[in-house]
Structures are given as C-alpha cells and as structure tokens.
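S.K.: I have a structure I would like to understand better, so I am pasting it below and will then ask my questions one at a time.
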Amino acid sequence: MLWPVETRSVSPVFVGRTGELTALSDALVRSAEGEPQALLVGGEAGVGKTRLLEELCAAARAEGTVVAIGGCVEIGADGLPFAPFSTALRSLRRQLPGELAAAAEGQEDELARILPELGQADRGALGEDGTARLFELTARLLERLAADRTILLVLEDLHWADASTRHLLAYLFRALRRGRLVVVGTYRADDIHRRHPLRPLLAELDRLRSVRRIELARFTRAEVRHQLAGILAADPDPAVLDEIFERSDGNAFFVEELACSIGSGCRPGLSESLRDLLLVRVEALPEDTQQVARIVAEGGTTVEYRLLLAVGRLTEDDLIEALRAAVDANILLPTADGDGYRFRHSLVREAVSDDLLPGERSRLNRRYAQVLEADPSLVRADERTTRLASHWYHAHDAAKALPAVLSASVEARRRYAYSEQLRLLERAMELWDDTPQEVRSTLRPPDDVEVYPPCGGGRQAAPLSYLDLLAEATVAARLGGERERALAIAKKAVRGLEGEGDALRAAWFWIQRSRLTQDLTRGDGRQELATAEDLVRGLQPSGVHAEVLASVASWGALHQPGPDSLAAADRAVEYARLVGAAHTELHARLTRGWLAADAGDLTGGIAEMYAARDRAVELGAVGVLGRASINLPSTLESMGRSEEAVTTAEQGIEFSHRYGLADTEAWIRTNQAQSLFSLGRWAEADAVVEAAAGIAQSLKARGLVAVRRAELALARGDYAEAGRQVELNRGSFGRHDFQPQHFITPARLAMVLAARKGNPEQARTEFEQTLSHGFPLGTHRYALPFLCMAASIEADTRGLPGAEAGRTDVLRAVRAHLKRLPTPVPVWRAYGLMLEAELARAEGRPAPELWARAVTAFEEVARPYELAQARRRLADALLETQGDRAEATGLLLRARTTALGLGARPLTQDIELLAGRARISLSTTGGARTAKGARTGPGTVGGGGAAGTDGADPAASLGLTPRERDVLRLVAAGHSNRRIAEELYISPKTASVHVSNILGKLEVSGRTEAAALSHRLNLFAD
C-alpha cells in the first residue's frame, strides 16, 4: 500500500524501472498543458508497484504537484463504495481546503455521497440519473481543482475495487477533457483471473487511446544484486545472491523478505512455501505482537488505533509495546493520518489472515462487531454500517448479520452505490432462512422501491418479506447496470407469486421485466406489459396501476402512437392524480402531450409538455425534467418548429450540465443537431454531435450520435463514413424492438447508400423490410422523407437493366401510404408535395407543375437543403419539357448557391451536371469545381460566358475522353468487356483498361454503380 507520509521500504535505493518512471514523469509534463493523463500500472503482488509510485510522488511533490492517494479497501470479501476516491478527496481537502470548497460550491449535498465531510447527502431520486449526476459532478470537481495546478491522483489496489469505484473510474477516464490532472491506478496483474470483475474494465480502458497501461516485470539478476546491495549496505555474497534470486524469481518484495530472514538469522531455505516465507518474521515476534497482527489482519486494510485497543483487550501500554515491535520489524506501519495501522505489504496481511483458524476468525469478527455496536464513533461514519455488516456476517451470526446487512444496503443506495447495494441484498437473501422469525418480524422494507407495494400493507406496519428483498434487489441490479441479474431476479419473483393472488406485486415485477427486456434488446416488452395490464384490470387505483398505465402509454408513444396510446396516457394521468403519484403523473402528462401533438392538437399537446416540464422544475423531479428536455425539442422538430427546438434543447443542455446528467445531455444534443441540420446550420450540427459523442454513455445515446453523423456524412458525399455510422446505429438499437423513430431514418440512409452503389435491389429490400412494420399515426416525420427517397430512387433507376421488375409494386405501396399519412403542418405538407412530384418522375412524367408546388411550399419553411433539391428537380422538369430556360437557370443558380453553402457535394455535383447537360453556365468566373472534383475553366460547365451560353459535354466535365464516353455508354447498357470490345473494334484487354479508368474518374466502386450514375445524371439522353 502507498501513503503520502513516512512510507518505508526495506531497500533504501530505487532499483531499475527507468523506462516506467520516465513514462509516468512524461505524463506529468503533458498534463501541465491542460490535457488530463490516465495510466494503469499492473504487475504481480510484490513486484514493486508501490516503490515505483513512491518515487514518482516524491519527484512530483518536489516540482510543486499536489499529490492525493487513495487505496481500495478490503473488508473481508467486501469493498467500501468509492473508498479510494473518498480517501483521495479527503487528502485534497486537507491540502486545498479553500479551493475544494469553491470547486464544490452548490453541489455539496451530492458530492457528500463520496466525501461526507462536505455535508449531509440529500436523499435524491432513485434512478440511473443519480449515479450519472454524481459521476459528472466528481469529474467536474477534479477538472476545476486541476485548472491552475497539477494534481497527481493515485488509486491503489484496483483489484479490490468495488463496482461503484470501477464505474466511476471508467467514467472519469472517458469524461475528463481538461485540467492539469494525472490519474494513476495500480492493480495486481496475477489476481486478474478470467472472471475477476476488474478484467472487463481493463479491456474497456484498453480501447481508449487516452489510457496507457504499464506492466512491471520482475527484476533481473543484476537488479536483484543492486537491490540487495542497498539493503545490506554491501555487495552480497555471490552464493547468497544466487540463492535469493532463485527463490524470489526477481520479485522485489520476496527479495526483501529473504534478505530480512538472513538478517534475523533465518536462512531462506527454511521456508518451504511462500506463506511460510511471509510468516517467518511475524512468528519471530512476541506473542502479544503476533496477536495484534492477527487482529489487524482481520480488521481490513487499515484499523483505527482506538478500535484496535478495544478489540485487542490489552492495556494501552501493552498494545503500544506490541505495535512498536511490529513497526520496528517492518510488519506494520502507521497510516497517513496517524490514526491507525496497516500492514506494510498486503501479501503479509493476507498470509496472516489465511493462517487464522476458522473459529478464531469468527471470534475476531464477533469482537469487532460487538465493539462497533457499543461505540460507533470508533470508525468513520461513512464506513460504519458496511464494516459492521461485514463483521457480523463473517462472525456467522445470522440474527445480527441480517439487520446490519440491510442497514448497509440502505447506506449504499443513499450513495448511489447500487452494485454494492445489490451484493448486500443478495447476502441478506442468503441469510434469510437462517435468521429467526422473531428477528425477521422486526424488520421493515429497507428503502422505497419506486411504486412497489411492500407485502402486508403500509411501509411502517408491514414486516419485511423475502419478496420485498427481491423487489429491492431487482431495482438495485437495474440501476447498477446489471440488467441480466435484474431480469433473473424479477423472473424468480414472478415464479414465486404464481398462485398467490397478489396482483399488484406481480404487475410491478412484470413492469420490470418489460423494461429490462427492452433494455437488453431481447424484445419490445409489449407482452410483459400486457400481462401487467391484465393483472391490474378492475383493481382499485394504486401507484402500481398508474405506473402500468403510464408504461403502456409510453410504450405506445414509441411503438404504436395513436388513439389507444393517448387513451392510456389519459387514464395514467387520472390514476396518478387519484393516488398522489406526482412523478408518474408528470411522466404520463409528457407522454400525453407528445401523443396529442402527433394526433393534431399541436397547441394543446406542446403546451402540456411545457407545463409538465415546468412542474418538474418546481418539484425537483430530475428524472422527469431530463425526459422533458429530450422529448420537447424532438416534438417541436416534428412540428416544423426547428428554431424553437434548438432554443428549448439549449435550455435542456444547461439543465443537464448543471445536474451532471451526461447521457441525458447527449440525447438532447443529438435532437438539437437534427434541428440544426434541418435549418441548414450544418457546421453547428457538427459541433453539437461531436460534443454529444464525448459524453454519450449508453448504447442508445451512442446510436443516436451515429445516425446524426450518418445523415451529415451522406449529405456531404462521404458514403463510406455514412455506411459505418449506419451500422453503428443499428448495432446500438438491435433488431428485436422496432421503434419507428430509431429504425426508419437508418433505413432511409441505407437505401440511399445502396442506390449510390448501384444496387437498387438492396435499396428495395430495405424499403420492403421497413414497410412491413407500417407507419403508425405520428410517424409522418420519419415516413414522408423515407417514402420520398424510395420514389426518388425508383425515378433515378429508370432504364437500368433489371430495375423495372418490381417498380410498379414499390410505387403502388408508396402511394398507398401517402394517402394515409397526415400532413398537419407546413413542413410535412411540403414533403407530401415533393413526394407526389417524385412519384410522377418515377412514372416518367417530368411534372413541372408538381415540382413548382413543392418549391413554393419549401420556400415557406426553413428547410434550405430540401428547397435546393426541389429547385434542382423543377429546373430539370422545365428543361425536359422545353419550359422557361431562364427560370430553370435561376433555379439552378439558387440551388447551387445553397448546396455549396451547406457543403452538400452530391447535390452540387447533380446541379452542375444538369447545367452542363443543358449547356447552362452557373458562374461568370472560371475555375468552379464540378462533379467528382473536376475543375472547370472558361468554356466548360461553370466557365465564363453569360448564363445560357453553350458549354462542354457533361461527360467531358467528368474528365472522360471521347473513347471513355463510348465505353461508358456501353457499360450503362449492361455490356461485358468482350461485348464492348466487339462493338468498338478493340481488344477485351483494352476495354478492361478503359473501364478501370472510367471507374477511377467517376469515383465509383464498380460497373453497376457507374451505370447507375450515368442514368441518374442522364448523360446519354438517347
């Protein structure tokens, strides 16, 4: 273990580790530039991790760095929640009292869950949001402290870390973005077996480029010689060196122990095992000292002096004498704060603990527990309940252990340490049958479990039941991220309730199963909700009943929006008001407002959502407020109120940042990015998406980031990136829970990618798969762009070989859905007009009158990208029907200006190629860029001359030679190289060379894509 004062290693010299120390020191230098550094130091027990960090800390302090050290605490088999962070923050508070107080100002109640000295932690809301908020506030606290000073934060013995510590560490390594901060964690590599809980975290951190791992190897023979020379103050005898090197195998701690054995007259050959080697010096101590060592070993990583005095039952003089002997023998060391003692190395503590007899271990734990019950002030208040529960459990006294374990579970929940709460509740289940009934009858449900009704009636009167424990454990597992375990517990509870006639509790567990099934992407959760509905039907109003109805309404809003879902939301609001379930009522009102707006009551629906949000602010309902901040901008965007959506999202971002809800903020930012994209503010959308990517924690939040990136990449012509992001999005949402908002947009993007690659069949497959789910009421915002794209692809592929079969069916399906989809606001009416025009184009009718209506409609809404597309299509229709050429030129000029401003490269290319085909110049200055990056000059597309003057052949603007144009014409007709050779009187090899050159100039991947491009651009009108 490592502490910042008076650490003692037997070797007075630092041996080897030059490369490792340099790497750590370099991290300190880099952090001085405001870039946080993260490192993990691994190695087997005793290899020298502590000694390496002692050297680093000493050098850092000499340079003015603030060093804070915290170690993971092992109490029996338990870890204290956030123990290393609590200890490190305590150290920072001692060294920087004013600075830490300023950095924590306004958030003391929350941060007190990790550092109790900051104040009394408020109860807070039960939910994932509480944990996320605590983690974000901790990251922000560290960044503020490290804003103008370098801080070295050392977290030791991560192999003992509790789950909450591991989760917080992972969060910090991902979330820290600024500050002169270096975080170094150490762990025993030899302890990390295949099922060790630290192993997944190490694998996760390995994928982060910002985290560096350093593995310490054993000493070489030369390094052992150097170490022994320092210990013995003389060069070792060659025979002794050989024997110690062979026995220690280069492990630095074993070298020290063997050297000490020599010094005390014990030859290293006397130790037959590693444990014997570690115990040999302990067994040479006086009996009282040995007994004190055993007490300290069973007390945990450190033991307070007053606690040791009470448990040891020695006079104070005898205890001090025993402790002095242990310290002089370098077995024990005083702790950093001078209040207790710990073993110099945990290997010795483990050996002493393992040497205890079973009855001796139980007796020591009982004495610890009895002393702590008699005088709780002997240990820190934030550690008391956990340590007491551990000691009673290891004393094998179920009657005492069960109440203590339940109290510790409440404390863990209060600190948002849900994983530790789950372990404690599972321990309570283990103790349940062994605990006398008279003890169990005095227990009460340990904490609120959402709207779960405790067995037997009201919370104050009802004794605790085993079913209550299962409910508590289900929620703890879910909130702790252990959803598989939560689902297993919920299923066990449902089985136990079969035939019991306990409908409310059964319904509550079925709600949990529905939620978990969706979270695990095992299904859509509808069957589980239907079961819960059946169970509460006909019962008196209750919190569970309201929760069931609210869950059904929310599910419907996501999967099947319409009258039934709206009716469920109405009933949920009514029942929640009847039973006083304020948070459930607000959730139901949000859902009702969303559904009402989708159903056509735009003013009333959005007003209710705003009202629910404002009421959540008054109640401090963080979870409701977070959801409102996500749903409101999304609903506003669906109504075409994009500017308002951006502003409302900004308010939500401010709220989420203030409360430390990073994942909620990521969701809000992706919604805001969608509105910015609609408004044509693509650069701003980029920045917002990147900010969301940096803080997104959940799989679904990362999926939303991916779809926003895909949309931007596709519009800019980066098809490879768009394809990657679509796949990332689909992997994030799975394929078992069809939610229109998460599936239709990726399907539209995938259709475009398939068409751009010259694969219309794949585009149709995407179309048909999406169509099989239908478009429920309220999904027009996703469905209309999707149908527009399907019709556009059919129009673009007219004349392609093999593309005609099935076209009629696709267009018939598009028309049928168009008739059923509402267009309640101007933006969707514009999309409806565009869709009608695309259908006409797909049927071979230019229909300039339809495109003119679409242009007029889009001119009235803030959708510049869609307006530019419609103008380009209207210009094409006018030119094809010999319409007003001047009007067509003006449309193309305006469309190209918009496309260039947006950075929409494919649209710009299409406009320029259309202009080139029509011999229309789009610029009075030379050198404009045309499709596929070819530069134009005077006399070419975009070159000099007045608008409407002749320009070059559009194929030439692509850089194609006359021979390559001939070859491309035949490729577009579906000819093979041999057939092309026959037609043009050239060899097949020459034809192949021409085809390769054409593919390169068109920047396409194959013949089919080249053919599709030539048809889409109408390069060969005949």
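Yeah, the sequence shown ends on 1021 if you go by numbering that gives the first Met the number 0, and it's all consecutive.
Quick reminder that beta carbons are idealized off the backbone N, C-alpha and C, glycines included.
#1: Would you call Leu300 buried or exposed, if buried means 16 or more other Cβ atoms sit within 10 Å of its Cβ?
#2: Take every Cβ of the segment 676-696, pair it with every Cβ of the segment 868-882, and state whether three or more of those distances are shorter than 8 Å.
#3: Among residues of its own chain, excluding the 5 on either side of Pro874, which ones have a beta-carbon nearer than 6 Å to its beta-carbon?
#4: Return helix, strand or coil for Val970, following the three-state DSSP convention.
#5: Quick check on the DSSP output: what are the complete alpha helix (DSSP H) runs of length 4 or more inside the segment 447-509, in order along the chain?
#6: Rank Phe84, Gln94 and Ala492 by C-alpha distance to the C-alpha of Gly63 and give the top, closest one.
#7: So the candidates are Ala749, Thr516, Arg504 and Glu203; which of them puts its Cα closest to the Cα of Glu546?
#8: Just how far apart, CA to CA, sit Phe252 and Val65?
#9: Do you know how far the Cα of Arg412 is from the Cα of Glu142?
#10: Around the C-beta of Thr21, are 16 or more other C-beta atoms found within 10 angstroms, so that it is buried, or is it exposed?
#11: Using three-state DSSP, classify Tyr170 as helix, strand or coil.
#12: Which residues mark the beginning and the end of the beta strand (DSSP E) in which Pro333 is found?
#13: Just the C-alpha distance for Arg872 and Ser1013, rounded to the nearest angstrom, thanks.
#14: Out of Ala575, Glu726 and Leu401, point me to the one whose CA is closest to Leu463's CA.
#15: Would Ala350 pass as a contact of Leu277 if the rule is Cβ separation under 8 Å?
#16: Assign Pro435 to buried or exposed, taking buried as 16 or more other Cβ atoms, counted over all protein chains shown, within 10 Å of its Cβ.
#17: Answer with buried or exposed for Glu382, where buried requires no fewer than 16 other C-beta atoms within 10 angstroms of its C-beta.
#18: How long is the line joining the alpha carbons of Ile667 and Ser641, rounded to whole angstroms?
#19: How close, in whole Å, do the beta carbons of Trp827 and Leu783 come, if the pair is a contact with beta carbons under 8 Å?
#20: If you draw a straight line from the C-alpha of Ala1011 to the C-alpha of Arg755, how long is it?
#21: Could you tell me which uninterrupted alpha helix (DSSP H) segments, each at least 4 residues in length, are contained entirely in the segment 201-246, listed from first to last along the chain?
#22: So what's Gly70 in DSSP terms, helix, strand or just coil?
#23: Quick check: the Cα distance between Thr385 and Leu114, rounded to an integer number of angstroms?
#24: Is Gly36 helix, strand or coil when you go by DSSP?
#25: On the DSSP letters alone, give me the boundaries of the beta strand (DSSP E) that Thr301 sits inside.
#26: Whole angstroms is fine: what's the gap from Tyr340's alpha carbon to Leu332's?
#27: Between which two residues does the beta strand (DSSP E) carrying Phe342 extend?
#28: Under 8 Å, do Ala131 and Gln696 count as touching if we go by C-beta distance?
#29: From the DSSP output, in three-state form, read off Gly45 for me.
#30: In the DSSP assignment, what residue or residues form a beta bridge with Leu151?
#31: What three-state label does DSSP hand Tyr658 in the structure shown?
#32: Give the single residue among Ala990, Gly999 and Leu231 whose Cα lies nearest to the Cα of Arg977.
#33: Starting from the C-beta of Thr590, find all residues in its chain whose C-beta is less than 6 Å away, skip the five residues before and the five after it, and write them out in chain order.
#34: From the DSSP secondary-structure annotation, give me the bridge partner or partners of Arg187.
#35: Count the other CB atoms within 10 Å of the CB of Val623; is the residue buried (16 or more) or exposed (fewer)?
#36: Inspect the beta-carbon positions of Ala162 and Gly479 and report whether they are closer than 8 Å.
M.R.: On the basis of the supplied data:
#1: It is worth fixing the name first, because residue 300 is Thr in this sequence and not Leu. That one is buried.
#2: no
#3: In the sequence on display, residue 874 carries Ala and not Pro. Apart from sequence neighbours up to five positions away, the residues of its chain that approach Ala874 with a beta-carbon distance below 6 Å are Ala887, Leu890 and Leu891, ordered along the chain.
#4: helix
#5: Within the segment 447-509, the runs of alpha helix (DSSP H) that reach at least 4 residues and sit entirely inside it are, in chain order, 465-478 and 482-496.
#6: The shortest C-alpha to C-alpha distance from Gly63 to any of Phe84, Gln94 and Ala492 is the one to Gln94.
#7: Arg504
#8: 28 Å
#9: Going by the C-alpha atoms only, they are around 26 Å apart.
#10: exposed
#11: Residue state, collapsed to three classes: helix.
#12: Leu331 to Pro333
#13: If you take the alpha carbons of Arg872 and Ser1013, they lie about 17 Å apart.
#14: Leu401
#15: yes
#16: exposed
#17: So Glu382 ends up on the buried side.
#18: 14 Å
#19: At roughly 6 Å, the Cβ-Cβ gap stays under 8 Å, so Trp827 and Leu783 are in contact.
#20: 8 Å
#21: If we require 4 residues or more, the alpha helix (DSSP H) runs fully inside the segment 201-246 come out as 220-231.
#22: strand
#23: 16 Å
#24: A small correction: the amino acid at residue 36 is Gln; Gly does not occupy that position in the sequence shown. The answer is strand: DSSP assigns Gln36 an E or B state.
#25: Thr301 to Glu303
#26: 6 Å
#27: Gly339 to Phe342
#28: yes
#29: coil
#30: Among the bridge pairs identified by DSSP, Leu151 is matched with Val66 and Val181.
#31: helix
#32: Per the Cα distances, Ala990.
#33: Ala552, Ser553, Ala556 and Ala568
#34: According to the DSSP secondary-structure assignment, Arg187 is paired through a beta bridge with Gly42.
#35: buried
#36: yes
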